Each structure stands twice: as structure tokens, then as C-alpha cells.
Amino acid sequence: MAYFLGVSSQIDILLLAQIVPTILQAMIGGGAGEILVIKRNKVISNEGFFEAVYITICLGIIILLGILYLISLGWFIPFFNLNPETTSLFKTMSIIFIVNMIPGTFTSILRPHLYSKGLYGFFTYSSVISQIIGVGFIFATIKSLGIFSFAYGLLLTSFINAFWFSLKSEIPFQEIFYINGWKMEFNNLKIMLNRVFSLSLQTLFNQLGTFWERSLSVKYLSGGYLSSLNYAKTLSELPNVVLLSSVLTTSYMEQVKRHKKDNNSFSEYTVKTLKILLNVGFILQLLMLFFAPVLIIVIFRRGKFDNNAVQSTLIIFNILTVSFLPRMLLNFFSRTMYIVGEYKKLFWAVVFKFIIQLLIMVSFITLFYQAIPVAILAGNIFIAILLFYYVGNKTQLPSIGFFIGRLIFISGISLLLLFIHTYTLPLYINKSTFQIILIFTPFMILSFIIFYFFLRKRGLLPDIITRYNLGRYTKNRFNK
Numbered sequence: 007m008a009y010f011l012g013v014s015s016q017i018d019i020l021l022l023a024q025i026v027p028t029i030l031q032a033m034i035g036g037g038a039g040e041i042l043v044i045k046r047n048k049v050i051s052n053e054g055f056f057e058a059v060y061i062t063i064c065l066g067i068i069i070l071l072g073i074l075y076l077i078s079l080g081w082f083i084p085f086f087n088l089n090p091e092t093t094s095l096f097k098t099m100s101i102i103f104i105v106n107m108i109p110g111t112f113t114s115i116l117r118p119h120l121y122s123k124g125l126y127g128f129f130t131y132s133s134v135i136s137q138i139i140g141v142g143f144i145f146a147t148i149k150s151l152g153i154f155s156f157a158y159g160l161l162l163t164s165f166i167n168a169f170w171f172s173l174k175s176e177i178p179f180q181e182i183f184y185i186n187g188w189k190m191e192f193n194n195l196k197i198m199l200n201r202v203f204s205l206s207l208q209t210l211f212n213q214l215g216t217f218w219e220r221s222l223s224v225k226y227l228s229g230g231y232l233s234s235l236n237y238a239k240t241l242s243e244l245p246n247v248v249l250l251s252s253v254l255t256t257s258y259m260e261q262v263k264r265h266k267k268d269n270n271s272f273s274e275y276t277v278k279t280l281k282i283l284l285n286v287g288f289i290l291q292l293l294m295l296f297f298a299p300v301l302i303i304v305i306f307r308r309g310k311f312d313n314n315a316v317q318s319t320l321i322i323f324n325i326l327t328v329s330f331l332p333r334m335l336l337n338f339f340s341r342t343m344y345i346v347g348e349y350k351k352l353f354w355a356v357v358f359k360f361i362i363q364l365l366i367m368v369s370f371i372t373l374f375y376q377a378i379p380v381a382i383l384a385g386n387i388f389i390a391i392l393l394f395y396y397v398g399n400k401t402q403l404p405s406i407g408f409f410i411g412r413l414i415f416i417s418g419i420s421l422l423l424l425f426i427h428t429y430t431l432p433l434y435i436n437k438s439t440f441q442i443i444l445i446f447t448p449f450m451i452l453s454f455i456i457f458y459f460f461l462r463k464r465g466l467l468p469d470i471i472t473r474y475n476l477g478r479y480t481k482n483r484f485n486k
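This note's numbering numbers the first residue of the sequence shown as 7 and each following residue consecutively.
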């Protein structure tokens, strides 16, 4: 959109300004909501009081972190290799994103709470409406605000979501001034916050990977590479986000319920969900890879985003898409480990993943142009295998050899498509967008037919069609 609206020259500064606030927000808001849903001891008669106090403390922590980052903002400027002309823009953008940490953390914590109440539809509708309002704000103010319209649009979207979520959650935030309640809940709060801090360290290492990706891109690679990397990552992660809010979220809530009642039921449900994710993830990964060229060209090729930028983004997107299934399984296994209380093992797995990615990036960034996406791919495959081993010790998953074999098979086919795109792209890259769509249309139709028969053969199709919700399908499939 930045290219389409004529502010693409400043998009890298916006992306850099987002890095640290995004890390800080993810550290607190990323796991706080899921921990609240998973485990807590019995509380006082007013069950909403604990949630109100817990969320208030988390918001207090994020505000404190935001203030500390604002004070130390000048220390980060040399690291990002910013010139004097862009320093002022970076500082102003950073302040906006620091403020955005507050509503962003609030909605992150409330999201699992809404899911636990079955408000999936409300979350979807409210999120879509707020996003539309945010995009509308960008179009309305782009001429007067320039690149700042994107930052303010994000801030507006976050505040709208925070307002709607707070109303629907029915949590009595006005009761946080009940001092005796704080005293009664002190032990519970201490336990929960210890878990939050444990996951915060894990999230920090996860986000540090993004920090190094962007900083190394700016320092060592050509101008515009960071934008290509960001676009490719965003597009490759989009299906994962959809699955995260449907299959993974619904199955996660069902896992929590079953784990509290019966470990055997929890184990069986986990195994069946994994099989469904492997099937669906495999097909989605192949479809994304097969139609990668038309996706990149149709969505991004305009203005300064020329054929060279398309080619760069396409290669990055292809490499990142090979890690689509491992990344999806990482989300599933991470949540499963939350449920079984394996926080330490999960933390060290994330640390090792970060070390692997950092070593590959630092060692090969000057030798291999695509070192960053390859490092991301290697880290995701490594941690998916490691977490499979950990979760397998707690459940009755198939053998790790079977799992590694499936990953090798799927990754092999995906890499084959990557090489095909690399060698065939020059044949059609100079054609118009309409001509490229015409070329790929027969393949799209054929792919959807194959996808249809695959789902039908697996017995997945009828329930998906009737429910329109893969998450509900997962639960229903297990109960049959």
C-alpha cells in the first residue's frame, strides 16, 4: 500500500521504528492472555476481579517498559545506521508505536479471554471493522500526514479494538481499587506473573530474531531489501495467522479443557489435531508456493516496485513459505507445552532456535544474499522437530522418525517448486499483470480440483463446507 500511495521511500524507517515496541508488546501481551486461560488457582467470589487486576498489572509493566525505551531511544539510532535526515522521523514514529503498545497489549491479553467465552465471531467481525476503519483513515490522511498516516492508522485500529474488547469481556476494571482484593489475590498474582516473565524471556528471543533480520538487512544488503523481506514475511505468514485464529485457537481451547479432565483424552485429541494440521498445512504450503509469482506480481508490482523488486521478493517468499508448515507446527506445539507446563524446555528450545538463526545470518550475510530467509527456515525446522520430541514425551505422537520423514518429503517438494520458479520467472516476468493472471488461471482451477478431491478422499470436505470453520471442524472430527 505504501508503494501505491507514494510513500515507499520512507517505509524502511517505519519498519525500523516498529521493531523494539513490537518486541516489548509481544513480551508481555504475547503469552499473558493464554496463561490466564490455561492456569490459575481458585479466586475470590467475584471471578472478574482477578482478571482486572492481572491485566492492569501487565499494562503497568508495558507502560514502564515504554518509558524506559523512550528514554534510551538515542542509543538505538547508531545501531540502525540512520542518517541525520531520517533520525527525526524515526524518533517521532517510535513515540507513536510506544503509545500503541498500551492498547496493543490490552487486546493481546483479552483475545484468548474472548475465545474462552466462545466469542470467535465477535473477534473476527470487530477486527475486520477496525482494520477497515484504519485503512480508511490512511487513505483519508495520506496527503496531509504522509507516512505518518500508517502509524496513526495502526494506533487508531488498536484503540478501537481495545474499546470493543473491554466492553465485550465484561471484566469489572472499576474494581481494581478494591485494596483488600489485591491482598487476597497476592499469591495467585505472583504465580501468574512468574509465568508471564518466563514466557517474556522466550518471546524476547523470538523477537530478537526479527531485530537482527531487519538491522542486518539495513547494514549489509542493498536498499529496499528490508521492504522485500517484510512484504514476503507478511504474505507468507498470512495463512498462518488465519489458521491461528481458527484451527489452532479452537483446538487450543479444547486441549485446555481436556487436559483438566483426562490426560488420555488430551493426548488423543492432540494426536488427531496434529494429523489434520499436517494434511491442511501441506496443501496450503504447496498452493502458496505454486502461485507465489502471481501473488507477488498482482499484489506488489507497481510504482518503484519493479520487476527486480518482484524477483527479490519472490525468492524470499519462496524460501519463507518452505517453512510455513514448521512454523504452523511451532505454534501448535508451543501452546501444547504451555498446557503441560513445560515452560523451561520451551524457553531453551527458543534460545537454541535464535542461536542457530543468528549464527547463519552473521556467518553468511556477506557471502550469501539470501542468508536471512534461509536462517529463518533452518530455525523453524529445527524447533519444530525439537518440540515434536518434547510433546511426544507427554502424549502419544507418532515416532520422531515418521515426523522428520514427513518434513523432509514436504520440504523437498517445496524446494523443487522454488527452483522451478527461479528458472522460469524470466519467461513471464516482463508480461503484464493481466497476461500473468491468464497464464496461471488454468493452473488455479486444476489446483482447486486436486485440493477438492484430496479433502474428499481424506474425509475432511463435508464438515468444512457445512461449518465454514476449520477450528470447529477439528473438535467435531475428534468427537466422531
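Just so it is clear, CB atoms sit at the ideal spot from N, CA and C, and this is done for glycine as well.
Quick caveat, the model's predicted, so the values are computed rather than measured.
- Comparing C-alpha distances from Ile445 to each of Thr279, Phe296 and Met343 shows the shortest one belongs to Phe296.
- Going by DSSP, Ile387 is part of the alpha helix (DSSP H) stretching over Ala377 to Lys400.
- Taking Lys174 as the centre and dropping the five residues before and after it, the same chain places the C-beta of Leu120, Leu125 and Phe128 closer than 7 Å to its C-beta, in chain order.
- Contact between Gln402 and Val277 holds: their C-beta atoms lie close to 6 Å from each other, under 8 Å.
- Restricted to the stretch 53-121, the alpha helix (DSSP H) segments that are unbroken, complete and at least 4 residues in length are 53-77 and 79-82, listed in chain order.
- By a beta-carbon distance limit of 8 Å, Phe82 does not contact Leu116. Their separation comes to about 30 Å.
- Only residues of its own chain outside the window of five on either side were considered, and among them Ile34, Met107 and Thr111 have a CB closer than 6 Å to the CB of Ile68, listed in chain order.
- The closest CA to that of Phe338, considering only Lys123, Asp18, Leu42 and Ile282, is found on Ile282.
- When C-alpha distances from Gln213 are compared across Phe183, Leu431 and Val357, the shortest belongs to Val357.
- Ile382 and Tyr231 have their alpha carbons spaced roughly 16 Å apart.
- Contact check between the stretch 361-374 and the stretch 233-245: fewer than three CB pairs, one atom from each, fall below 8 Å, which does not count as touching.
- By the Cβ neighbour-count rule, Ser420 is buried, with 16 or more other Cβ atoms within 10 Å of its own.
- Counting C-beta pairs closer than 8 Å gives three or more between the stretch 322-333 and the stretch 376-390, which meets the contact rule.
- Apart from the 5 residues on each side of it in sequence, Ser273 sits with its Cβ closer than 8 Å to the Cβ of Lys400, Thr401 and Gln402 in its chain, given in chain order.
- Phe323 is positioned such that its CB atom lies no closer than 8 Å to that of Ala384.
- Residue environment analysis places Tyr275 among the buried positions, since at least 16 neighbouring C-beta atoms fall within 10 angstroms of its C-beta.
- Excluding its 5 nearest sequence neighbours in each direction, Gln261 has C-beta neighbours in its own chain below 7 Å: Phe272, Tyr275, Thr276, Thr342 and Ile345, listed in chain order.
- Residue nearest to Trp188 within the set Glu57, His427 and Gln376 is Glu57 (criterion: CA-CA distance).
- Going by beta carbons, Leu207 and Phe353 fall inside the 8 Å limit.
- Per DSSP, Leu403 is not a residue of any alpha helix (DSSP H), being assigned neither H nor E.
- With a 10 Å radius around the Cβ and a threshold of 16 neighbouring Cβ atoms, Gly66 comes out exposed.
- Nearest in C-alpha terms to Thr62, of all of Ile101, Ile19, Thr113 and Leu76, is Thr113.
- Per DSSP, reduced to three states, the secondary structure at Thr372 is coil, with no helix or strand assignment.
- Exposed is the label assigned to Tyr429, since fewer than 16 other Cβ atoms lie within 10 Å of its Cβ.
- In the three-state scheme derived from DSSP, where H, G and I count as helix and E and B as strand, Pro178 is classed as coil.
- Here Leu280 carries a helix assignment [DSSP, helix/strand/coil].
- Taken atom to atom, the span from the alpha-carbon of Lys97 to that of Thr28 is near 15 Å.
- For Lys196, the secondary structure class from DSSP, reduced to helix, strand or coil, is helix.
- Runs of the beta strand (DSSP E) lying entirely within the stretch 322-354, each at least 3 residues long, are absent.
- Tyr75 sits buried, since 16 or more C-beta atoms from the chains shown fall within 10 Å of its C-beta.
- For Pro118, the closest C-alpha among the options Lys196, Ser257 and Tyr158 is that of Ser257.
- Excluding its 5 nearest sequence neighbours in each direction, Ala168 has C-beta neighbours in its own chain below 6 Å: Pro109, Phe112 and Thr113, listed in chain order.
- Collapsing the DSSP output to three states places Leu125 in coil.
- In this structure, the beta-carbon distance from Leu70 to Ser100 does not fall below 8 Å.
- Between the alpha carbons of Met334 and Ile185 lies a distance of about 43 Å.
- With 16 or more other Cβ atoms inside 10 Å of its own Cβ, Phe394 counts as buried.
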